[in-house]
């Protein structure tokens with residue numbers, strides 16, 4: 114393989130890895146604070162991609178598109194917590210009641226899929242590029258051609274995740290999330306508004322889905338059932354981070370994307386299998402996830 | 008007296024008609040199609056169904072003999088569901104004939120059940136080669152088809168491909184359909200003493216084919232045969248790889264939806280199996296009628312045309328059947344004649360040893376040129 118082709122595959126893998134990182138971080142933050150997660154995270158991403166596509170096609174400027182999609186998805190995150198998760202708290206004591214949220218979040222995902230099908234149809238669609246005049250805007254990086262949108266995905270996803278980590282570890286609100294994760298009762302005694310914090314994490318998770326959706330739309334084909342693949346892969350990546358270590362999730366996502374790209378090159382018939390096997394192997398060796406001991410779960 | 012003679016003649020004519028074919032009745036036609044699930048399946052299923060519905064509308068507008076009721080079910084591209092829906096159509100809805108469905112795997116799952124039950128099937132738009140072939144020796148076979156036949160489009164493509172290009176590559180998905188198509192391609196090339204320079208596959212739900220196309224580029228493939236159901240994926244990495252081979256593949260590449268996603272410039276020169284000649288006035292008139300009827304929901308001329316022709320064939324069989332039971336419909340289907348098909352289907356599509364609307368000589372190659380699929384000359 115030539116060096117240019119190596120870079121080509123690496124960048125393709127990095128772009129998809131960045132999307133997995135954003136999606137998995139959404140799963141991680143919700144799980145951290147509430148031990149629940151949104152099984153429709155990928156479908157929220159899909160909805161964001163459709164909304165962004167519709168607005169871009171209507172001629173709305175990119176910045177405004179981004180803002181609208183983030184606001185709409187934030188509202189969806191709030192709605193998810195309010196109507197699909199919080200009412201189930203009362204059932205926690207019942208047998209199996211503590212897992213009802215799996216069904217309700219999946220139910221919301223199905224509703225989202227059906228709404229998208231009703232509004233935009235069942236066919237695949239192509240979302241216009243965010244910053245390019247046409248779909249052929251390629252730049253050369255070390256001899257490899259890369260779409261501007263792919264580079265953008267890598268840069269924006271990394272910046273978004275770094276900002277997200279800054280929020281989590283450097284702000285009062287971030288510490289409140291960790292306090293709620295440690296013990297909601299103790300956090301409440303310390304003056305943390307637990308309910309507001311729980312709502313916040315679902316809103317944050319949805320905002321990450323919004324970002325992923327806007328970014329991923331122009332580099333893949335958009336269709337109403339694309340979400341599940343992203344949920345499954347993000348789930349695998351979040352498992353790599355042990356659902357507890359954000360650094361593990363970031364590195365795991367990039368590793369997953371890059372391995373996926375190279376394994377499709379080496380043996381395309383089972384290209385999608387190898388990254389999942391890698392996750393399995395790593396979890397067998399280190400069940401706590403990558404860097405599990407270096408940064409212990411606060412819970 | 009003259010009036011009496013006239014009445015007697017009319018009575019005789021009526022009697023002759025009544026022993027020749029069944030009298031006017033309500034006729035239920037069962038339809039199973041993939042109307043939800045993977046986008047490519049839905050595009051096929053909805054387009055074919057649009058054609059069937061238009062055929063029924065035209066039949067009724069011309070004062071058709073029977074009152075037609077379409078009983079339509081969605082098999083969601085799921086074989087188990089398809090089997091249970093076919094059983095429901097046969098046992099609960101008591102339909103004398105069924106049309107469907109998109110997935111060849113689904114058809115191959117329920118066709119033996121229908122053959123055993125003695126209920127005729129007009130398969131479509133499924134294209135696996137062996138759908139009718141495996142039953143044609145039965146006496147009688149209840150399995151018919153109005154659709155493309157995989158082997159015919161592959162043979163046409165290989166005839167042209169091996170004459171025109173030195174290096175041919177293949178990208179296919181890992182679905183049962185595509186793996187079978189890949190096998191037929193490799194056998195066809197072997198018979199022509201040609202070897203593929205690269206064979207790559209991908210899961211049906213992948214979102215990127217950069218690694219696969221990179222392999223094609225490295226192998227120097229001038230023609231890439233595309234048998235992945237996400238027809239548009241192969242085009243995406245071309246610009247960044249600075250590699251633009253000719254793409255040829257499944258008749259799905261003629262979808263207006265693929266044109267819309269890929270773009271006119273990028274799809275120019277793409278070749279596919281075809282059965283609708285857009286140069287003909289009848290094809291143009293059909294497309295403009297479909298556009299008027301379905302607006303933006305119309306997206307696939309050739310599939311809709313085959314759906315329309317399947318509808319025409321079944322309705323003509325209902326008109327000419329001696330009895331409107333499954334056996335009567337089967338016999339009538341085999342004898343149907345005088346079809347004015349939109350697609351390349353001949354006026355008499357079927358015979359005792361031929362249950363395909365399209366034979367080898369009716370399938371040709373189409374090519375995208377200036378935003379339209381036209382007949383490829385080679």
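Residue numbers (the numbering used here), protein chains in the order written: chain A, 114 to 412; chain B, 8 to 385. Beta carbons: idealized from backbone N, C-alpha and C, even for Gly.
- Taking 8 angstroms as the cut-off, the beta carbon of residue 39(B) is found closer than this to the beta carbon of residue 108(B).
- At a cut-off of 8 angstroms, the C-beta of residue 239(A) has a neighbouring C-beta in chain B.
- When Cβ-Cβ separations below 8 angstroms define contact, residue 261(A) makes no contact with chain B.
- If you look at residue 382(B), you'll find it in the beta strand (DSSP E) that goes 379-382.
- Secondary structure within the stretch 227-258 of chain A: the beta strand (DSSP E) runs of 3 or more consecutive residues, fully enclosed, are 251-254 (chain order).
- Here DSSP, grouped into helix, strand and coil, assigns residue 276(B) to coil.
- Residue environment for residue 176(A): exposed (fewer than 16 other C-beta atoms within 10 angstroms of its C-beta).
- Remark: three or more beta-carbon pairs, one from each stretch, lie closer than 8 angstroms, so the stretch 388-400 of chain A and the stretch 353-371 of chain A are flagged as touching.
- Contact between the stretch 319-337 of chain B and the stretch 70-79 of chain B is established, with three or more Cβ pairs separated by less than 8 angstroms.
- If you check the CB distance, residue 131(A) and residue 349(A) do not come in under 8 angstroms.
- When CB distances to chain A are screened at a threshold of 7 angstroms, the residues of the stretch 264-294 of chain B falling below it are 264, 268 and 270, in chain order.
- The residue from 368(B), 341(B) and 339(B) with its alpha-carbon nearest to that of residue 351(B) is 368(B).
- In this structure, DSSP gives residue 250(B) a state outside helix and strand, which the three-state scheme calls coil.
- One alpha carbon belongs to residue 157(B), the other to residue 134(B), and they sit about 5 angstroms apart.
- Residues of the stretch 309-324 of chain A with a C-beta less than 9 angstroms from any C-beta of chain B: none at all.
- Of all residues in the stretch 151-163 of chain A, none comes within less than 8 angstroms of chain B when Cβ atoms are compared.
- Residue 106(B): member of the beta strand (DSSP E) spanning 105-107, first to last residue.
- The C-beta of residue 378(A) comes closer than 8 angstroms to at least one C-beta of chain B.
- In the three-state DSSP reduction, residue 152(B) falls in the strand class (E or B).
- Sequence-distant partners of residue 224(A) (beyond 5 residues in either direction) whose C-beta falls short of 6 angstroms from its own C-beta are missing from its chain.
- Restricted to the stretch 302-367 of chain A, the alpha helix (DSSP H) segments that are unbroken, complete and at least 4 residues in length are 307-329 and 340-353, listed in chain order.
- Taking 8 angstroms as the cut-off, the beta carbon of residue 135(A) is found closer than this to the beta carbon of residue 273(A).
- Taking 8 angstroms as the upper bound for CB-CB distance, residue 106(B) and residue 129(B) are in contact here, some 5 angstroms apart.
- The three-state reading of DSSP puts residue 385(B) in coil, since its state is none of H, G, I, E or B.
- Per DSSP, residue 117(B) is one residue of the alpha helix (DSSP H) stretching across 111-124.
- For residue 293(B), the enclosing alpha helix (DSSP H) covers residues 288-301.
- A Cβ-Cβ separation of about 32 angstroms leaves residue 358(A) out of contact with residue 209(B) under the 8 angstroms criterion.
- One finds 212 in chain B with Cβ atoms closer than 7 angstroms to the Cβ of residue 342(A), taken in chain order.
- 237, 239, 240 and 246: these are the residues of the stretch 231-246 of chain B whose beta carbon lies less than 7 angstroms from some beta carbon of chain A, given in chain order.
- Using a Cβ-Cβ cut-off of 9 angstroms, residue 209(B) is close to 377, 381, 382, 384 and 385 of chain A, given in chain order.
- In the DSSP assignment, residue 348(B) falls outside any beta strand (DSSP E), carrying neither H nor E.
- Scanning its chain for C-beta atoms nearer than 6 angstroms, with the 5 sequence neighbours on each side dropped, one finds around residue 292(A) the residues 300 and 305, in chain order.
- Boundaries of the alpha helix (DSSP H) around residue 144(A): 116-147.
- At a cut-off of 8 angstroms between beta carbons, residue 326(A) makes no contact with chain B.
- Put simply, the stretch 88-96 of chain B touches the stretch 117-127 of chain B. At least three CB pairs are less than 8 angstroms apart.
- Going by DSSP, residue 168(B) is part of no beta strand (DSSP E) but of the alpha helix (DSSP H) stretching over 157-171.
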